[in-house]
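**Q** Start counting the sequence shown at 8; every next residue gets the next number (the numbering used here).
Backbone N, C-alpha and C fix where the C-beta goes; we use that ideal spot for every residue, glycine too.
Next up is a structure, given as structure tokens.
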Amino acid sequence: KIFKENIVFTNKLNDEYYERVLESCALVPDLTQLPDRDLTEIGEKGINLSGGQKQRVSMARAVYADRDIYLLDDSFTLSTHMWANICLRKLLEEKVY
Numbered sequence: 008k009i010f011k012e013n014i015v016f017t018n019k020l021n022d023e024y025y026e027r028v029l030e031s032c033a034l035v036p037d038l039t040q041l042p043d044r045d046l047t048e049i050g051e052k053g054i055n056l057s058g059g060q061k062q063r064v065s066m067a068r069a070v071y072a073d074r075d076i077y078l079l080d081d082s083f084t085l086s087t088h089m090w091a092n093i094c095l096r097k098l099l100e101e102k103v104y
């Protein structure tokens with residue numbers, strides 16, 4: 008699947024919300040490194056992501072689904088402390104405002 012499909016999954020695409028989710032989950036810097044940005048194929052038939060990147064994509068998929076409750080079990084074990092801190096702070100800001 009392409010990067011964007013991994014996040015939007017079965018939900019309807021809302022470009023503005025999608026961009027906010029990418030920002031909140033600290034994925035924008037990663038996208039600048041991919042050849043076709045969010046249209047890059049990732050996974051077995053495409054570009055391999057690091058463990059931390061995979062975790063942030065999974066987090067973005069959950070956030071994009073826009074649920075009221077999130078269960079986070081080892082969601083940031085492979086991410087650096089800095090990325091985990093950025094993600095959580097931005098996600099909480101989004102939910103509060």
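1) Can you have a look at Arg74 and say buried or exposed, based on whether 16 or more other CB atoms are within 10 angstroms of its CB?
2) My assumption, with CB atoms under 8 Å, is that Val28 sits in contact with Ile14. Please give the rounded CB distance.
3) Exposed or buried, what is Phe16 when buried is set at 16 or more other beta-carbons lying within 10 Å of its beta-carbon?
4) How many whole angstroms separate the CB atoms of Lys8 and Gly50, which I take to be in contact at a CB cut-off of 8 Å?
5) How about Thr47 and Leu56: do their beta carbons lie closer than 7 Å?
6) DSSP has Ile9 in a bridge; who is on the other side?
7) Considering only their Cβ atoms, is the gap separating Cys32 from Ala72 smaller than 7 Å?
8) Under 6 Å from any heavy atom of the ligand ADP, does the C-beta of Asp45 make it?
**A** Answer, in terms of the structure:
1) exposed
2) The beta-carbon distance between Val28 and Ile14, rounded to whole angstroms, is 7 Å. This is short enough to meet the 8 Å contact definition.
3) exposed
4) 6 Å
5) Result no, Cβ atoms of Thr47 and Leu56 do not sit closer than 7 Å.
6) Glu48
7) No, Cβ-Cβ distance for Ala72 and Cys32 is not below 7 Å.
8) Ligands displayed in this structure: none; no statement on the ligand ADP is therefore possible.
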